[in-house]
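**Student:** Got a structure for you, written out below as structure tokens; questions coming shortly.
Protein chains: 2
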Amino acid sequence: MNRLLQCLLAVFFCSPAIAAEPLPSWNDSPSRKAIVDFVERVANQDSPDHVAASQRIATFDNDGTLWSEQPVYFQLSFAIDRVKSMASENPQWISTEPFKSAIAGDIQGVMASGKEGLVQIFAASHANMTADEFSDSVRHWLETAKHPQTGKRYHEMVYQPMLELLEYLRENDFKTFIVSGGGVDFMRVFAEQTYGIPPEQVVGSSVAAKFEMVEGVPTIVKLAQNPFVDDKEGKPVAIYQHIGRRPLLAGGNSDGDLQMLQYTTIPRDQADTTPRLGLIVHHTDAEREWAYDRESHIGKLNEAWSQANQRGWVVVDMKRDWKQIHPVRK
Amino acid sequence: MNRLLQCLLAVFFCSPAIAAEPLPSWNDSPSRKAIVDFVERVANQDSPDHVAASQRIATFDNDGTLWSEQPVYFQLSFAIDRVKSMASENPQWISTEPFKSAIAGDIQGVMASGKEGLVQIFAASHANMTADEFSDSVRHWLETAKHPQTGKRYHEMVYQPMLELLEYLRENDFKTFIVSGGGVDFMRVFAEQTYGIPPEQVVGSSVAAKFEMVEGVPTIVKLAQNPFVDDKEGKPVAIYQHIGRRPLLAGGNSDGDLQMLQYTTIPRDQADTTPRLGLIVHHTDAEREWAYDRESHIGKLNEAWSQANQRGWVVVDMKRDWKQIHPVRK
Ligand SMILES: [Ca+2]
Ligand SMILES: [Ca+2]
Numbered sequence: 006m007n008r009l010l011q012c013l014l015a016v017f018f019c020s021p022a023i024a025a026e027p028l029p030s031w032n033d034s035p036s037r038k039a040i041v042d043f044v045e046r047v048a049n050q051d052s053p054d055h056v057a058a059s060q061r062i063a064t065f066d067n068d069g070t071l072w073s074e075q076p077v078y079f080q081l082s083f084a085i086d087r088v089k090s091m092a093s094e095n096p097q098w099i100s101t102e103p104f105k106s107a108i109a110g111d112i113q114g115v116m117a118s119g120k121e122g123l124v125q126i127f128a129a130s131h132a133n134m135t136a137d138e139f140s141d142s143v144r145h146w147l148e149t150a151k152h153p154q155t156g157k158r159y160h161e162m163v164y165q166p167m168l169e170l171l172e173y174l175r176e177n178d179f180k181t182f183i184v185s186g187g188g189v190d191f192m193r194v195f196a197e198q199t200y201g202i203p204p205e206q207v208v209g210s211s212v213a214a215k216f217e218m219v220e221g222v223p224t225i226v227k228l229a230q231n232p233f234v235d236d237k238e239g240k241p242v243a244i245y246q247h248i249g250r251r252p253l254l255a256g257g258n259s260d261g262d263l264q265m266l267q268y269t270t271i272p273r274d275q276a277d278t279t280p281r282l283g284l285i286v287h288h289t290d291a292e293r294e295w296a297y298d299r300e301s302h303i304g305k306l307n308e309a310w311s312q313a314n315q316r317g318w319v320v321v322d323m324k325r326d327w328k329q330i331h332p333v334r335k
Numbered sequence: 006m007n008r009l010l011q012c013l014l015a016v017f018f019c020s021p022a023i024a025a026e027p028l029p030s031w032n033d034s035p036s037r038k039a040i041v042d043f044v045e046r047v048a049n050q051d052s053p054d055h056v057a058a059s060q061r062i063a064t065f066d067n068d069g070t071l072w073s074e075q076p077v078y079f080q081l082s083f084a085i086d087r088v089k090s091m092a093s094e095n096p097q098w099i100s101t102e103p104f105k106s107a108i109a110g111d112i113q114g115v116m117a118s119g120k121e122g123l124v125q126i127f128a129a130s131h132a133n134m135t136a137d138e139f140s141d142s143v144r145h146w147l148e149t150a151k152h153p154q155t156g157k158r159y160h161e162m163v164y165q166p167m168l169e170l171l172e173y174l175r176e177n178d179f180k181t182f183i184v185s186g187g188g189v190d191f192m193r194v195f196a197e198q199t200y201g202i203p204p205e206q207v208v209g210s211s212v213a214a215k216f217e218m219v220e221g222v223p224t225i226v227k228l229a230q231n232p233f234v235d236d237k238e239g240k241p242v243a244i245y246q247h248i249g250r251r252p253l254l255a256g257g258n259s260d261g262d263l264q265m266l267q268y269t270t271i272p273r274d275q276a277d278t279t280p281r282l283g284l285i286v287h288h289t290d291a292e293r294e295w296a297y298d299r300e301s302h303i304g305k306l307n308e309a310w311s312q313a314n315q316r317g318w319v320v321v322d323m324k325r326d327w328k329q330i331h332p333v334r335k
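Structure representation (structure tokens):
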């Protein structure tokens, strides 16, 4: 079949792939060295710590780890924009909170409506519609919406060094997954094109769905039921349920990733000597991005940071370790 | 890295791979021809119906499609054997149904306890234990238990022609998944070694799980809560939730696969002209395996069979189409 072509292409591309230095947007720091050392240690055939390719599972949080998350989670911006665009079909919203604030673009007002208000905003923008309607709305939003402070498209606010890390891991036969508190259906719209991570390797928060034949057409409908929150203890559970094996490497940026980092890196017993890597992206760059950690309302990094030293997790200092934050627009 | 080695190996193995005829255990029948024609149509670079490799998703039911399912689903045999082995720790079972029947190896007695009885058997053998305890128990069972009629190990009762189909699809850059009513944690124990399907590509029925640190060790515990049944309407929902895109090919053997076959093959609108293949394994071989369909309690094939002609699904006749059923023991 195409195998011959594949072989020829593989040979053709061999030399440049060997020559290229990995992680070009990373400074030559201890963080970079720890990552490269780890990957070589598990991937090199001759290493005493070599790990079979099938076991090379890497899981990454998304918000604050692969893309920015300030001033609010991007998915909340989507939800609010979506409510705005649905306002004309829902005239009652104009006088009812939290919709009133959402339509006015008043994020503080939406936040003031508390958890219940947020649930209403998410239900209105994420459920009781077909899967196709939802993904179309996300796609449209990504193509049109701009971040209020940078003016960039939201999917342009991914981290260039993390894109390189994903690619470097895949070159070394890692299978890369997203395991994020973000909505799985939301992330799947852009994860393949943006991160090179196909839909089936995106794990996230979800709501129930149902199947029905609508005028002879098979249809999936998203329901406002049985929410699963892929955060904190939910992350190792989701990894178990969806991936079915323990990662070799996990990366996050907040206390929401604590249990995933523990699940990944803590040895199960004395015999469990396979090397594992935990990685925390620390937001330290107020100039090029944002700086926040222990006291932040979004992406709070406190307990996980405190455990990092004891657990041997690599804490990436964005300001010090990264030459570049977001990709340069072509 | 290993890329150079990969290239050399790829070149080395090129010629034999091209030369080998696919599906050697399949007779040269219309079913085989339909499969090969379809795969060439979507995989050949020059075909007008060429489909990008990333879209080549194939989903297969397990019981009755990839391995046998008579006289009872193999997972029920596991559950009953498991109850037996736990009987000494649960002395009250000896006088209580359905456990009494299970311990006596009386499957009819267990079945007579109805759905409630089965739920008790499954809860006792599948929940309230750690994930590792459960997978160890499945592994032990596979290594020791024998099918009551064939005397084979259960995982030896897979279908050789389907193993070849999985392999043929993967050679053509399909990503192969199991989407089965069987328990996901049960199937994952053997799916990689038996079918070449890694845990993350196994989708099945499940129960809730929780994460906890037990004496400093990260632990997943299976709970007898929130069962998800990956059957009938549950299959397209599970495909949506877990895989996140529509398969190009789906294979099943019973009415439990009807909605998966519909979801996979029915065009969404006029513009939806991508070729899709639906495949039904029809159990027609009472001599080499079992023969059953419209009236069977296990693997009932009625409505899906009735729709096959109209929908263009390939109905594989095991007796006529397969040279061999189970692999020859080495
Ligand atoms: Ca995060
Ligand atoms: Ca079946």
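Residue numbers (the numbering used here), protein chains in the order written: chain A, 6 to 335; chain B, 6 to 335. Ideal Cβ placement from N, Cα and C applies to all residues, glycine included.
1) Relative to ligand 1, is the shortest distance from any of its heavy atoms to the C-beta of G304 of chain A smaller than 7 Å?
2) R250 of chain A versus chain B: which residues are under 9 Å apart at the beta carbon?
3) Counting contacts by CB-CB distance shorter than 8 Å, is A214 of chain B in contact with chain E?
4) Provide the residue span of the alpha helix (DSSP H) that contains G119 of chain B, from first to last.
5) Considering only residues of the same chain and omitting the five flanking positions on each side of Q264 of chain A, which have a CB-CB separation below 6 Å?
6) To the nearest angstrom, how far is it from the Cα of V143 of chain B to the Cα of P153 of chain B?
7) Output the boundary residues of the alpha helix (DSSP H) element that contains K328 of chain A.
8) Three-state secondary structure (DSSP) at P29 of chain A?
9) Run through chain B and tell me which residues come within less than 8 Å of H247 of chain A, C-beta to C-beta.
10) Alpha helix (DSSP H) containing F43 of chain B: first to last residue?
11) For the stretch 261-277 of chain B, which residues have a CB atom closer than 7 Å to at least one CB atom of chain A, in sequence order?
12) Given a cut-off of 8 Å on the beta-carbon distance, is the pair T181 of chain B and A63 of chain B in contact?
13) For E205 of chain A, does the count of other Cβ atoms within 10 angstroms reach 16, so buried, or fall short, so exposed?
14) Would you call the stretch 204-220 of chain A and the stretch 289-296 of chain A in contact, with 3 or more CB pairs under 8 Å?
15) In chain order, what residues of the same chain lie with their CB nearer than 6 Å to the CB of Y78 of chain B, ignoring the 5 residues before and after it?
16) Shortest alpha-carbon distance to S30 of chain B belongs to which of B:Q125, B:Q75, B:S301, B:Y173?
17) Run the Cβ filter for me: residues under 5 Å from any heavy atom of ligand 1, listed in the order they occur in the chain.
18) Going by C-alpha distance, which of B:R46, B:R61, B:Q198, B:S311 is nearest R175 of chain B?
19) At what residues does the alpha helix (DSSP H) containing V88 of chain A begin and finish?
20) Contact defined as beta carbons within less than 8 Å: I believe S140 of chain B pairs with V194 of chain B. What is the distance between those atoms, to the nearest angstrom?
21) Would you say the beta carbon of G209 of chain B comes nearer than 7 Å to a heavy atom of ligand 2?
22) If I measure Cβ to Cβ from P4 of chain A and keep anything under 6 Å in the same chain, skipping five residues before and after, which residues do I get?
23) Counting only the same chain and skipping the five closest in sequence on each side, list residues whose C-beta sits under 6 Å from that of A213 of chain B.
24) Below 7 Å, is the gap between the Cβ of A256 of chain B and the nearest heavy atom of ligand 2?
25) Counting only runs of 4+ residues fully inside the stretch 203-228 of chain A, write out the alpha helix (DSSP H) ranges in chain order.
26) Since Y245 of chain A and I225 of chain B are thought to touch, with beta carbons under 8 Å apart, how far apart are those beta carbons, to the nearest angstrom?
27) Along the alpha helix (DSSP H) that carries A58 of chain A, what are the first and last residues, could you check?
28) Suppose you measure from the CA of L28 of chain A to the CA of A309 of chain A; what does that come to, to the nearest Å?
29) In whole angstroms, what is the alpha-carbon distance linking G114 of chain A and D274 of chain B?
30) Span of the alpha helix (DSSP H) holding A107 of chain B?
31) Per DSSP, which one or two residues make a beta bridge with H288 of chain A?
32) Using a Cβ-Cβ cut-off of less than 7 Å, list which residues of the stretch 228-244 of chain B approach chain A; keep chain order.
33) With distances taken Cα to Cα, identify the nearest neighbour of L306 of chain B among B:H287, B:H131, B:V321.
34) Does chain A have any CB closer than 8 Å to the CB of V222 of chain B?
35) Taking the alpha carbon of R316 of chain A as the reference point, which residue from A:L147, A:K324, A:E300, A:L284 has its own alpha carbon closest?
36) Verify the CB distance criterion: does M6 of chain A have a CB-CB separation below 8 Å to chain B?
**Tutor:** This is what the structure gives:
1) yes
2) R193, P203, P204, E205
3) As a matter of chain content, chain E is missing from the structure shown, whose protein chains are A and B.
4) 119-131
5) K237, E238, K240, P241
6) 18 Å
7) Unbroken run through K328 of chain A: none, as it is neither H nor E.
8) coil
9) Ordered by position in chain B, the residues that pass the 8 Å Cβ test against H247 of chain A are E205, H247.
10) 35-48
11) Q264, Q267, Y268, I271, R273
12) The criterion of a C-beta distance shorter than 8 Å is satisfied by T181 of chain B and A63 of chain B.
13) buried
14) Contact between the stretch 204-220 of chain A and the stretch 289-296 of chain A is absent: fewer than three C-beta pairs spanning the two stretches fall below 8 Å.
15) D68
16) B:Y173
17) A:D66, A:D68, A:G69, A:N258, A:S259
18) B:R61
19) 79-90
20) 5 Å
21) no
22) Nothing about residue 4 of chain A can be reported from this structure: the residues present for chain A run from 6 to 335 only.
23) L228, Q230, N231
24) Sequence inspection shows Gly at residue 256 of chain B; the Ala mentioned does not correspond to that position. No, the Cβ of G256 of chain B stays beyond 7 Å of every heavy atom of ligand 2.
25) none
26) 5 Å
27) Element bounds for A58 of chain A: n/a, residue is neither H nor E.
28) 25 Å
29) 42 Å
30) 104-108
31) A:Y297
32) E238, P241, V242
33) B:H287
34) yes
35) The shortest C-alpha separation from R316 of chain A is found at A:L284.
36) Residue placement at M6 of chain A is flagged as unreliable, the pLDDT there being 44, under the threshold of 50; the coordinate-derived value follows with that caveat. Yes - at least one Cβ of chain B is within 8 Å of the one on M6 of chain A.
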